[in-house]
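Visitor: Starting off with a structure, shown below.
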Amino acid sequence: MIRTFQQHRLRKSQLLDGLWDFVFDKENIGQAEGWQNNFPSEHDQMPVPACWNNELGKFDYEGVAWYRTRVTLDDSTHLRLLFHAVMGHADVYWNGEHLGYHYGGFTPFDFTLPNVPAGVHELVIRTDNTLTTNTLPYHIVDWFHYGGIIRPVEIQHLPDVWIESLRLNYTLTGESSADVQVRLKLRSLCDTPLEVPISLYRDDEIFQNENAYLEAKGSTEIVAEQTWSDLSRWETDNPTLYMIRAVAGDDDRTDRIGFRTVETRDKKILLNGKEIYLQGVNRHEEHPEWGFAFPNKLMTKELDIITQMGCNTVRGSHYPQSEYWLDLLDEKGVLFWSEIPIWGAAFPASATDDPLFVERAQIMMDEMIERDFHHPSILFWSVHNEIDTRSQQAYDLSIKMTHLVRSKDPSRLVAFATMHPMNDICLGLFDVIGINYYGGWYFGHVEFDEMLEAFHKRCDEYGAADTPVLMTEFGGAGIQGDSGWEPRLFSEDYQAELLSKSLKLFRSDVKISGTYVWQFADTRGQLQSHLPHFRDRARSFNNKGLVNEYRKPKLAYRIVKAIYKNQQGPYDWGSTLD
Ligand code: ADA
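Just so we're aligned: 89 in the working numbering is position 29 of the sequence shown, and the numbers increase by one with no gaps anywhere.
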């Protein structure tokens, strides 16, 4: 399942999950040798979706790899090939013909093939997960950069007229009423003009019927505007959701929406007009056995573990997470911070001058917003993490990215995470500021007090006096099982103490509106023996998780839970830290 609900009842769709033929192309000769037509006879097999690095003998391969599968059609049909996520560069071939290229990793792309004859067809994909100076992420990055087809590939059978997109925009006009605008984009694959009946449904009740006329191979857009009443707001403790469905002739599409407002005032974040304090964790969608191809089944448990510790929010560090996860957040009323993988701690300011880098960032951001627009759980679109926001280059990039986000979706807050809070020149450009600060780990002790005071003054000077501030990262490593009588670096005790002290400090600062602990679970680091980076990562993991990589709790989980749930008792470190 891509989503937690059925998206199509009329449109036939099938996931091409399973074992595909697979071969590495270490010398990058496949295209020159025409592997798209002549797939090497000596090949392996690889599950789809999956990351190749999780299979034996393929752990640290970065580079080009080819996949092949066959699709058998009983009847001639129009097809849509939908790739939910392929890491890096992807070239897609259908019976040897190049359908197109996509660069990305965590967002979907598709191809439409009209009038495909019955029979057996060959689908070949060339992927390349190589990181360079203009990829997202940059080639030095603090997580394991897996390769492969990480999310399902779907084939959909399209009728002559199909629904290309369904978009619902709304403005809340009262406690339970909204002005709603539904935009439906239709496309025709037919050689002659056509008329199709359209029906729009709210929770299975029709609210609009009309006909659409399409020229031969043409497209059209239907816009329906209505006032809806009797609506319940999507609240964290009562996350009411509404299904919205469009039927156009023989095609249909369902999506889901929740009605809520999000805004900021006097450094506070307001959900449905009420101030909300955010208690969260950073989550990589990663697991040592599955890499980025995180199974749906584990997401349910993951979210239970997160909500049981008193979290009302998750930061999707550092890339667009799967739609299934976002659906679960919508259903549980958990707020989400969504971002693209501009992870800048290791790159020079000049790296963002490269127009290809900027273009890739804009496309990825655009695709993420396009895909996830309806999720009520998403409050923040975050445009970059830890780039050199002291520089003019970062300022210019921030202008471009914030313009893009605001033009695509003015209904949410535009955010970023800074690692240079004291010298940041971009503070005034955003709706929300995130601070990543590793006092007590990479440097010094947990002494944020003075720094925060000076930072708040800087915000006043840079036009961000009223902008909410979130602590988007803080923490330290604790190796699960390493506990003792004293809080030594890398022990569970040190990590727990550091987080406890940090949280108490942040929570006592009225100018901070929330905290995201770094991080929910231990994650594989980019550590490879031939590379010089991150050599302080014990076990080749980033060990700052509240739970280990198999989601087993550390002491820090219980400490943070006690603080987030305002519990007193054995897990309250209380005055021993002062
Ligand atoms: C940064 C970064 C994280 C992680 C963290 C750490 O703040 O954003 O991805 O690398 O540091 O563990 O050092």
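Note that the Cβ used here is the ideal one computed from N, Cα and C, for glycine as well. Bear in mind that the values here come from a model prediction, so they are computed numbers and not experimental data.
Give a yes or no on contact between the region 343-358 and the region 312-322, applying the rule of three or more CB pairs nearer than 8 Å.
Guide: These segments do not touch.
Visitor: Under a three-way DSSP split, which group does ILE623 fall into?
Guide: If DSSP states are grouped into helix, strand and coil, ILE623 belongs with the helices.
Visitor: Pick from ALA406, VAL443, HIS434: whose alpha carbon is nearest that of ILE423?
Guide: Nearest option by C-alpha distance: VAL443.
Visitor: Helix, strand or coil, according to DSSP, for ILE425 in the structure here?
Guide: The sequence shown places Met at residue 425, not Ile. Here MET425 sits in helix by DSSP.
Visitor: Report the rounded CA-to-CA distance for LEU254 versus SER292, giving the unit in angstroms.
Guide: Cα to Cα, the separation comes out at about 39 Å.
Visitor: Can you give me the start and stop residues for the beta strand (DSSP E) that LEU563 sits inside?
Guide: That residue, LEU563, is in no beta strand (DSSP E); its alpha helix (DSSP H) goes 552-567.
Visitor: With PHE396 as the anchor, note down where its beta strand (DSSP E) starts and where it stops.
Guide: Taken as a continuous stretch (DSSP letters only), the beta strand (DSSP E) holding PHE396 covers 395-399.
Visitor: Can you grab the Cα-Cα spacing for the pair ALA125 / MET106, in whole Å?
Guide: Answer to the nearest angstrom: the Cα atoms are 11 Å apart.
Visitor: Expressed to the nearest angstrom, what Euclidean distance is found between the alpha-carbon atoms of THR493 and PHE476?
Guide: The sequence given here has Ile at residue 493, not Thr. Answer to the nearest angstrom: the Cα atoms are 6 Å apart.
Visitor: With distances taken between CB atoms, is the gap from LEU139 to LEU133 smaller than 9 Å?
Guide: Contact: yes.
Visitor: Check this for me: beta carbons of GLU533 and TYR498, under 9 Å apart or not?
Guide: Yes.
Visitor: I believe GLY318 touches TRP294 by the beta-carbon criterion, under 8 Å. Please report the beta-carbon distance rounded to the nearest angstrom.
Guide: Rounded, the Cβ-Cβ distance is 3 Å, consistent with contact.
Visitor: Heavy atom of ligand 1 less than 8 Å from the Cβ of ALA477, yes or no?
Guide: Under cutoff, so the answer is yes.
Visitor: In three-state DSSP terms, what is ILE200?
Guide: Here ILE200 sits in coil by DSSP.
Visitor: Could you spell out the range, first to last residue, of the beta strand (DSSP E) harbouring ASN342?
Guide: Counting along the chain, the beta strand (DSSP E) containing ASN342 begins and ends at 338-342.
Visitor: Across which residues does DSSP place ILE62 in a beta bridge pair?
Guide: DSSP lists no partner for ILE62.
Visitor: Leaving out five residues before and five after SER225 in sequence, what residues of the same chain have Cβ atoms less than 6 Å from its Cβ?
Guide: Here the set comprises LYS245.
Visitor: Return the bridge partner residues of TYR230 from the DSSP annotation.
Guide: According to DSSP, TYR230 bridges with VAL240.
Visitor: What are the start and end residues of each continuous alpha helix (DSSP H) run of 4 or more residues lying completely inside the region 341-379, in chain order?
Guide: Listed in chain order, the complete alpha helix (DSSP H) runs (minimum 4 residues) inside the region 341-379 are 356-368.
Visitor: Only counting the same chain, and skipping five residues up and downstream in sequence, which positions put a Cβ closer than 7 Å to that of ILE459?
Guide: Excluding residues within five positions, the ones whose Cβ falls inside 7 Å are LEU489.
Visitor: From THR412 to ALA454, what does the alpha carbon distance come to, in whole angstroms?
Guide: Those two C-alpha atoms are separated by around 7 Å.
Visitor: Leaving out five residues before and five after PRO436 in sequence, what residues of the same chain have Cβ atoms less than 8 Å from its Cβ?
Guide: Closer than 8 Å at the Cβ level, and outside the excluded window around PRO436, lie TRP294, PRO299, LEU301, ILE317, GLY318, PHE319, ARG320, ASP390.
Visitor: Return the first residue and the last residue of the alpha helix (DSSP H) that ILE459 is part of.
Guide: First-last of the alpha helix (DSSP H) with ILE459: 452-468.
Visitor: Counting beta carbon pairs with one atom in the region 229-237 and one in the region 204-216, are three or more of them shorter than 8 Å?
Guide: Segments in contact, no.
Visitor: Is ASP448 near PRO408, with beta carbons less than 9 Å apart?
Guide: Contact flag set, yes.
Visitor: Kindly list the residues whose CB is nearer than 6 Å to the CB of VAL465, restricted to its own chain and excluding five residues on each side of it in sequence; keep chain order.
Guide: Taken in chain order, the residues that qualify are TRP441, VAL474.
Visitor: State the start and end residues of the unbroken alpha helix (DSSP H) segment that holds LEU388.
Guide: Note, LEU388: alpha helix (DSSP H), 383-392.
Visitor: When the Cβ atoms of the region 70-86 are set against those of the region 164-175, are three or more pairs found closer than 8 Å?
Guide: Cβ pair count under 8 Å is below three, so no.
Visitor: Where does ASP413 sit, in a helix, a strand or coil, going by DSSP?
Guide: The answer is helix: DSSP assigns ASP413 an H, G or I state.
Visitor: Give me the residue from ASN88, VAL607, GLN66 with the minimum Cα distance to MET369.
Guide: Looking at the Cα atoms, VAL607 is the closest of the given residues.
Visitor: By alpha-carbon positions, which one of ILE336, ALA110, TYR163 ends up nearest to SER573?
Guide: Considering only alpha carbons, the answer is ILE336.
Visitor: Spatial neighbours of VAL307 within its chain, please: CB distance less than 6 Å, with the 5 preceding and 5 following residues excluded, ordered by chain position.
Guide: So the list reads SER259, once near-sequence residues are dropped.
Visitor: Check whether the Cβ of ASP202 lies closer than 8 Å to any heavy atom of ligand 1, and answer yes or no.
Guide: ASP202: yes, Cβ under 8 Å from ligand 1.
Visitor: With 16 other CB atoms within 10 Å as the buried threshold, where does HIS144 fall?
Guide: By the neighbour-count rule (16 or more Cβ atoms within 10 Å), HIS144 is buried.
Visitor: In the DSSP assignment, find the unbroken beta strand (DSSP E) run with HIS162 in it and report its ends.
Guide: HIS162 -> beta strand (DSSP E) spans 157-164.
Visitor: What number of angstroms, rounded off, separates the C-alpha of PHE566 from the C-alpha of ASN269?
Guide: Going from the Cα of PHE566 to the Cα of ASN269 covers about 53 Å.
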